[in-house]
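Below is one structure, written out as structure tokens; comments come after it.
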Amino acid sequence: MGAITGGGGGAAGGFTAFLVFVWRHPLILVVLVMYTAAVGTFIAREVGDGTADLLFSRPVGRIRLVLHDLAAASTLLLGVTMLFAMSLRLIAVSLGLEPPGWSEFVVTGLLSFAFAMAVLGTSYLIGSLTRDGRQALGLAGGLFAAMYALDVVGGIWDVMEPYRAVSLFRYFAPMDALARRPELWSNMAVLFGAATVAFVLSLVALDRRDL
9 MGAITGGGGG AAGGFTAFLV FVWRHPLILV VLVMYTAAVG TFIAREVGDG
59 TADLLFSRPV GRIRLVLHDL AAASTLLLGV TMLFAMSLRL IAVSLGLEPP
109 GWSEFVVTGL LSFAFAMAVL GTSYLIGSLT RDGRQALGLA GGLFAAMYAL
159 DVVGGIWDVM EPYRAVSLFR YFAPMDALAR RPELWSNMAV LFGAATVAFV
209 LSLVALDRRD L
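So for the sequence shown, this note's numbering puts the first residue at 9; every next one is plus one.
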């Protein structure tokens, strides 16, 4: 269970542990990751299937076009992740339970957003290097599946534990957020940092591509 919930050192029990399981439930992660990857790999479709037509019909530069869509996708992801966090607490309160405070849920929502942005950035990078949209989505899905498997196996098998560092899932630890552990901020920094690097590389790749 600890490998799936992704918590580091001494996961708490009770209702907080259940909340962490909900956030890290494989079905929730699949929906979040695949939706975000589908949004991110739109670059492959737009660049590979007629960027010239897009630029003629929408008189803006290619980079500006990408940044506009990135802003829209980021806003949507922020809304979805925060709504999910707030809904979880409202449901818990309505059931007469005693969940952590609002601030803990806000912070956990921000961690979810950081994770989603890292997934989005990686998907953008894959999309910027691939002309076929379906191929880009397949590559992204395969990469994130491998990362998740590495995170789970590393949590079970000590030999593989050091390799968890290359998995984005390693840094999505809701328990650290709900308990306000110091690791929260380093995890969030890694996720936002990975997103930023991936976005910058995708813009460089797009700028060098032919129409």
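Note that the Cβ used here is the ideal one computed from N, Cα and C, for glycine as well.
Please read these numbers as outputs of a predicted model, since none were measured by experiment.
Three-state class that DSSP yields for residue i in the structure shown
i	result
Ser136	helix
Arg72	helix
Arg216	coil
Gly18	Interpretation of Gly18 is limited by its pLDDT of 45, a score under 50 that renders its predicted location unreliable; the figure taken from the coordinates is listed afterwards. Note: Gly18 maps to coil in three-state DSSP.
Ser95	helix
Phe177	helix
Arg172	helix
Gly87	helix
Leu128	helix
Glu6	There is no way to answer for residue 6, as the model of the chain reaches only from 9 to 219.
Glu106	coil
Sequence-distant residues of the same chain with beta carbon closer than 7 Å to residue i, five excluded per side
i	result
Ala81	Val47 and Leu128
Leu147	Ile134 and Thr138
Val41	Val127 and Phe152
Ala45	Val127, Ser131, Leu145, Ala148, Gly149 and Phe152
Bounding residues of the alpha helix (DSSP H) (the contiguous stretch that carries residue i)
i	result
Phe152	Gly141 to Ile164
Leu40	Pro34 to Gly48
Leu186	Pro182 to Leu186
Own chain, CB closer than 8 Å to residue i, minus 5 neighbours either side, in chain order
i	result
Met155	Val174, Ser175, Leu176 and Phe177
Leu192	Val115, Leu119, Ala181, Asp184 and Ala185
Leu37	Tyr156 and Phe177
Phe121	Leu85, Leu86, Thr89 and Met90
Phe92	Gly117 and Ser120
Own chain, CB closer than 6 Å to residue i, minus 5 neighbours either side, in chain order
i	result
Ala202	Ala126
Gly17	Bear in mind that a pLDDT of 46 at Gly17, under 50, signals an unreliable position, so the model cannot answer this.
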